[in-house]
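Scroll down for the structure; my scribbles are underneath it.
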Amino acid sequence: LYGVLSVTERCSVGLWREMAFREIEKAWNDVKLPVVVGGTGLYLKVLLGGISKIPEVKPEIRNKVMLFHDKIGPKAFHAELAKVDFEAAERLHEADTQRLTRAYEVYLATGTPLSSWHQYASTTQSINADVQTLVLQPPREGLYNTCNERFETMLEGGALDEVRGLMKLQLDPSMPVMKALGVLELVSYIKGEISLEQAKDDAKRATRNYAKRQMTWFRNQNEKANYIFAQYSERILDKIFSKIRF
Numbered sequence: 082l083y084g085v086l087s088v089t090e091r092c093s094v095g096l097w098r099e100m101a102f103r104e105i106e107k108a109w110n111d112v113k114l115p116v117v118v119g120g121t122g123l124y125l126k127v128l129l130g131g132i133s134k135i136p137e138v139k140p141e142i143r144n145k146v147m148l149f150h151d152k153i154g155p156k157a158f159h160a161e162l163a164k165v166d167f168e169a170a171e172r173l174h175e176a177d178t179q180r181l182t183r184a185y186e187v188y189l190a191t192g193t194p195l196s197s198w199h200q201y202a203s204t205t206q207s208i209n210a211d212v213q214t215l216v217l218q219p220p221r222e223g224l225y226n227t228c229n230e231r232f233e234t235m236l237e238g239g240a241l242d243e244v245r246g247l248m249k250l251q252l253d254p255s256m257p258v259m260k261a262l263g264v265l266e267l268v269s270y271i272k273g274e275i276s277l278e279q280a281k282d283d284a285k286r287a288t289r290n291y292a293k294r295q296m297t298w299f300r301n302q303n304e305k306a307n308y309i310f311a312q313y314s315e316r317i318l319d320k321i322f323s324k325i326r327f
């Protein structure tokens, strides 16, 4: 499920779950073993356990939350969300307007944090399979170095031209693609608001913070997971596969 949607399309955890289910069933029909790889823990959790039915939020509440966000700004809004839903705020970046406002509007509409709704019994089908969960957790220093190198590789691969192309589309800033790691920082550079070095430093920091939140999420959510505490390389493939029981 890479490159399957246009940058002009919005995705949701529910839509992704439907697409992932189709790919898994296709693999089963071909007598193959599906391997789901990714770093977005909530999506993996929903794939395995289903989605809780959250009451619909009225448009007036949604509009009220967006106006509040625009009035006080991303950083202050992130702090406000932390007061009512610390778990959601902890895993979301302050630039992730769509998910931050979603969490806040659910709390206003229901009086219950979105993170708590995710703990409730799901009302959709969970995956009917023997699932083995494997978490590869490298040393923090090595992980952060990889995050820094990743952004340099993105720049060498044409990230600036890609962001210029996105800017020409004049997409809504709340679109998921406009909040991808590095996009906001490169947009600021292209507009002349910051230097390239500042953009690189900010994007690398955002990437490291995202990786840190990922590690925290998996540590809190996957008590039964098999952990391998090592930096990925082909040398540890045998060790990885030894953790998977068929």
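Note that this note's numbering has the sequence shown beginning at 82, numbered continuously upward.
Yeah, the Cβ is synthetic: ideal placement off N, Cα and C, and Gly gets one too.
Query, Result
"From GLY119, ILE142 and LEU114, pick the residue whose C-alpha is nearest to that of MET296; which is it?", "GLY119"
"Since I believe VAL264 is in contact with LEU247 (beta carbons under 8 Å), could you give me their beta-carbon distance rounded to a whole number of angstroms?", "7 Å"
"Mind reading off the beta-carbon distance from LEU129 to VAL212? Whole number of angstroms is fine, and I expect it under 8 Å.", "6 Å"
"Taking C-beta to C-beta, are ALA287 and GLU266 nearer than 9 Å?", "yes"
"Does the Cβ-Cβ distance between LEU189 and ILE135 come in under 9 Å?", "no"
"For the candidate residues GLY122, MET256, PHE299 and GLU274, whose alpha-carbon lies nearest to that of SER87?", "MET256"
"Since LEU181 and HIS159 are thought to touch, with beta carbons under 8 Å apart, how far apart are those beta carbons, to the nearest angstrom?", "6 Å"
"Helix, strand or coil: which one does DSSP assign to VAL216?", "strand"
"What does the Cβ neighbour count give for ASP166, buried or exposed, with the cut at 16 atoms within 10 Å?", "buried"
"Use the C-beta contact count for PHE102: other C-beta atoms within 10 angstroms, 16 or more gives buried, fewer gives exposed.", "exposed"
"Given this structure, state the Cα-to-Cα distance separating GLU161 from GLY192, to the nearest angstrom.", "15 Å"
"Do you know offhand how far ALA163's Cα is from PHE149's?", "15 Å"
"Using the C-alpha atoms, what's the distance from THR178 back to LYS281?", "21 Å"
"Between which two residues does the beta strand (DSSP E) containing ASN290 stretch?", "No beta strand (DSSP E) holds ASN290; the alpha helix (DSSP H) holding it covers 277-302."
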